[in-house]
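Q: Next up is a structure, given as structure tokens.
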Amino acid sequence: MSAAAQSADLDEQLQSLLDRCAAADASALERLYELASPFLFACLTRILRRRALAEEALQDVFVSIWQRAGQFHSSRGRPMAWMMSIARYRAIDLLRHERSAPVLVPDLPERAESADDSKDDAAPWMPAGGLLERCLALLTDHQRNCLELAFVGGNSHEDISRLTGNPLGTVKSWIRRGLQSLRQCLES
Amino acid sequence: MAPQDPYLIDSLAAEYVLGTLRGPARRRFEKWRSTTPLVQERCRFWEENLMQLAKGVRPIRPPPRVWQGIRARLNLAGAEPRRRPARALAIAASVLLVAGLSALLYWRSLGPGKLVEVATVATPTGSQLWKVDVYSGRLIVHAGQLPAHRTDRDYELWALPAGGKPVSLGVLPTTGTAQRSLTAVQQQALANAAQVAVTVEPLGGSPTGQPTSTPIFVAPLRASS
Chain W
0 MSAAAQSADL DEQLQSLLDR CAAADASALE RLYELASPFL FACLTRILRR
50 RALAEEALQD VFVSIWQRAG QFHSSRGRPM AWMMSIARYR AIDLLRHERS
100 APVLVPDLPE RAESADDSKD DAAPWMPAGG LLERCLALLT DHQRNCLELA
150 FVGGNSHEDI SRLTGNPLGT VKSWIRRGLQ SLRQCLES
Chain H
0 MAPQDPYLID SLAAEYVLGT LRGPARRRFE KWRSTTPLVQ ERCRFWEENL
50 MQLAKGVRPI RPPPRVWQGI RARLNLAGAE PRRRPARALA IAASVLLVAG
100 LSALLYWRSL GPGKLVEVAT VATPTGSQLW KVDVYSGRLI VHAGQLPAHR
150 TDRDYELWAL PAGGKPVSLG VLPTTGTAQR SLTAVQQQAL ANAAQVAVTV
200 EPLGGSPTGQ PTSTPIFVAP LRASS
């Protein structure tokens, strides 16, 4: 099965589970948790760094998914993107009070490796290849690095400035231009 | 006053999703998003697309207490947690099926916190796939250089105790190192095992607690000096 077909299959499965959650089927939430929690937990752990806090956040996320499942429809996007957003926004909320030090993203694959191996290593809900990957490839290393530090590590502009040793204005500019470049590429 | 310029709206949505919109500006944006379909649409656009940045994030299986906590908070009955491996990292067998396995296990003197056995899983050409270190009460698995593999299955490691059913030792990682505590049942099974096995299972490991497929690798346990 192609990566795209796998990804579509999984989307369909997740959508069906969310529909059942909306109908208060607890076994669907359990299955959804089995499928999605390892990836969401990894994302939370990256941002929050403290395992206990990430566990608490993961509980919040699945309580929220259960309560809001009826609001999600596939016409509004991919189920995993929706769940991941709930998780990331919860983590960023918790950061307001919980974190004082910036976070490195030490174990992301190196650029050179990802060119060869990324399709095999990607989570099944990550569409392999296609427009998005080509658009990301157009970014400069600085731009992409800043976007990863922000999105995956939950770092603020100030954190990234400290982490990379670049002036705050430069970091903001790299991020702004990186996002502009992605937008132009994705919508062209 | 909320911005009207579509370009500005999109830029704010992008930085909100990225997580760099912080503080009062983030909270104002959230209120605005909750009432404005255009803002919601732009957030979804970025949520879908920026997700690709997390492609390198390796899944981590949360401990069972998290699911128990969710059930308690939602007053859910009947959704019993299954025994799961400590960590799920998705791999599959398409290429490795053709690779052979050699495994060496070295028994060492038992003691609290001491290394009690080591298994090296390698291809016939000598490429190490996994190194499994069993301590008293703890298992540490180091992934080696794995060939290309599918992402919709996991490899699961099993102890094969003499005269008993296989006992899961958890899902094998594809990169880096995975650690987990060994239960009394797992320790007992390892102590009585003459062999270990590797099977291909659904993501997260066998849902039944027993192998759902024929082992692709079976390796003897050998005592060492």
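Residue numbers (numbering that gives the first Met the number 0), protein chains in the order written: chain W, 0 to 187; chain H, 0 to 224.
Each residue gets a CB set at the ideal place from its N, CA and C atoms; glycine is no exception.
What you are looking at is a predicted structure, and each value in this text was computed from that prediction instead of being measured.
So, is the C-beta of Trp-81 of chain W closer than 9 Å to a C-beta in chain H?
A: In the first sequence, the residue the question calls residue 81 of chain W occupies position 82. So, interface residue.
Q: If you run the structure through DSSP and keep just helix, strand and coil, what is Ala-22 of chain W?
A: Counting from 1 along the first sequence, the entry for residue 22 of chain W is found at position 23. Correct three-state label for Ala-22 of chain W: coil.
Q: Could you check how far apart the C-beta atoms of Gly-169 of chain H and Gly-204 of chain H are, in whole angstroms? I think they sit under 8 Å.
A: Here the question's residue 169 of chain H lines up with position 170 in the second sequence. Here the question's residue 204 of chain H lines up with position 205 in the second sequence. Yes, they are in contact, since the Cβ atoms of Gly-169 of chain H and Gly-204 of chain H sit about 7 Å apart, within 8 Å.
Q: Please list the residues of the stretch 46-60 of chain H that have a C-beta atom closer than 7 Å to any C-beta atom in chain W, keeping them in chain order.
A: Result list: Glu-46, Glu-47, Asn-48, Leu-49, Met-50, Gln-51, Leu-52, Ala-53, Lys-54, Gly-55, Val-56, Arg-57, Pro-58, Ile-59, Arg-60.
Q: DSSP three-state label for Ser-212 of chain H, please.
A: On the second sequence, residue 212 of chain H is found 213 positions in, with the first residue counted as 1. Coil.
Q: Between the alpha carbons of Leu-138 of chain H and Val-195 of chain H, how many angstroms are there, rounded?
A: As a first step, residue 138 of chain H is located in the second sequence; it is residue number 139 there, counting from the start. As a first step, residue 195 of chain H is located in the second sequence; it is residue number 196 there, counting from the start. The straight-line gap from Cα to Cα measures roughly 14 Å.
Q: Taking the continuous alpha helix (DSSP H) assigned at Gly-22 of chain H, which residues delimit it?
A: Reading the second sequence from its first residue, position 23 is the one you call residue 22 of chain H. Here the alpha helix (DSSP H) through Gly-22 of chain H covers 22-34.
Q: Can you give me the C-alpha to C-alpha distance between Pro-214 of chain H and Cys-42 of chain W, rounded to a whole angstrom?
A: Within the second sequence, residue 214 of chain H is the residue found at index 215, counting from 1. Within the first sequence, residue 42 of chain W is the residue found at index 43, counting from 1. Roughly 32 Å between the two C-alpha positions.
Q: Any beta carbon of chain W sitting closer than 9 Å to that of Trp-66 of chain H?
A: Residue 66 of chain H sits at position 67 when you count from the first residue of the second sequence. Yes, because at least one Cβ of chain W sits closer than 9 Å to the Cβ of Trp-66 of chain H.
Q: By the criterion of Cβ-Cβ separation under 8 Å, what are the contact partners of Asp-4 of chain H in chain W?
A: Taking the first residue of the second sequence as position 1, residue 4 of chain H is located at position 5. Result: empty, since nearest Cβ-Cβ is about 14 Å, beyond 8 Å.
Q: Express the C-alpha separation of Pro-63 of chain H and Pro-201 of chain H in angstroms, rounding to a whole number.
A: What you label residue 201 of chain H is simply residue 202 of the second sequence in a count that begins at 1. What you label residue 63 of chain H is simply residue 64 of the second sequence in a count that begins at 1. Taking the straight line joining both Cα atoms gives about 18 Å.
Q: Between which two residues does the alpha helix (DSSP H) harbouring Gln-58 of chain W extend?
A: The residue given as residue 58 of chain W occupies position 59 in the first sequence. Where Gln-58 of chain W is concerned, the enclosing alpha helix (DSSP H) stretches over 50-67.
Q: Step through the CB atoms of chain W and report whether any lies within less than 9 Å of the CB of Leu-17 of chain H.
A: Counted from its first residue, the second sequence places residue 17 of chain H at position 18. Yes, its Cβ sits closer than 9 Å to a Cβ of chain W.
Q: When you compare only the Cα positions, how much space is there between Arg-95 of chain W and Pro-23 of chain H?
A: On the first sequence, position 96 is the one that residue 95 of chain W refers to. On the second sequence, position 24 is the one that residue 23 of chain H refers to. Going by the C-alpha atoms only, they are around 11 Å apart.
Q: Looking only at its chain, what residues have a beta carbon closer than 6 Å to the beta carbon of Pro-30 of chain W, apart from the 5 residues adjacent to it on each side?
A: Taking the first residue of the first sequence as position 1, residue 30 of chain W is located at position 31. It is Arg, not Pro, that sits at residue 30 of chain W in the sequence shown. So the qualifying residues of the chain are Leu-16.
Q: State yes or no: is the beta carbon of His-72 of chain W nearer than 9 Å to at least one beta carbon in chain H?
A: As a position in the first sequence, residue 72 of chain W is number 73, starting the count at 1. By this cut-off, His-72 of chain W is not an interface position.
Q: Taking CB distances under 9 Å as the criterion, tell me whether Phe-28 of chain H reaches chain W.
A: Locating residue 28 of chain H in the second sequence gives position 29, where the first residue counts as 1. Not one chain W Cβ lies under 9 Å of Phe-28 of chain H.
Q: Could you compute how far the alpha carbon of Gln-14 of chain W sits from the alpha carbon of Gly-153 of chain W?
A: Start at 1 with the first residue of the first sequence, and residue 14 of chain W comes out as number 15. Start at 1 with the first residue of the first sequence, and residue 153 of chain W comes out as number 154. If I take the Cα positions, the gap works out to 27 Å.
Q: Applying the criterion that 16 or more other CB atoms from any shown protein chain within 10 Å of the CB defines a buried residue, is His-204 of chain W buried or exposed?
A: The shown model of chain W, from 0 to 187, leaves out residue 204 of chain W, and the question about it has no answer.
Q: Since Arg-72 of chain H meets chain W, which of its residues come closer than 7 Å, beta carbon to beta carbon?
A: Locating residue 72 of chain H in the second sequence gives position 73, where the first residue counts as 1. Neighbours of Arg-72 of chain H on chain W, chain order: Gln-58, Val-62.
Q: Within the 9 Å Cβ cut-off, does Gln-5 of chain W reach chain H?
A: Walking along the first sequence from the start, residue 5 of chain W turns up at place 6. At least one chain H Cβ lies under 9 Å of Gln-5 of chain W.
Q: For a test of the three-state rule: what should DSSP assign to Arg-175 of chain W, helix, strand or coil?
A: As a working note, residue 175 of chain W is residue 176 in the first sequence. Looking at Arg-175 of chain W - three-state DSSP - the assignment turns out to be helix.
Q: By the 10 Å Cβ neighbour count, where 16 or more other Cβ atoms means buried, how is Leu-109 of chain H classified, buried or exposed?
A: For this step, residue 109 of chain H is matched to residue 110 along the second sequence. Note that Leu-109 of chain H has pLDDT 32, beneath the 50 cutoff, so the model's placement of it is unreliable and the number below is only indicative. Under this definition Leu-109 of chain H is an exposed residue.
Q: Can you say whether Ala-68 of chain W is buried or exposed, counting buried as having 16 or more other CB atoms within 10 angstroms of its CB?
A: Here residue 68 of chain W refers to the residue found at position 69 when the first sequence is read from its first residue. Buried: at least 16 other Cβ atoms inside 10 Å.
Q: Let's see if you can read the secondary structure: which residues bound the alpha helix (DSSP H) around Ile-8 of chain H?
A: Mapped onto the second sequence, residue 8 of chain H falls at position 9. Element bounds for Ile-8 of chain H: 5-17.
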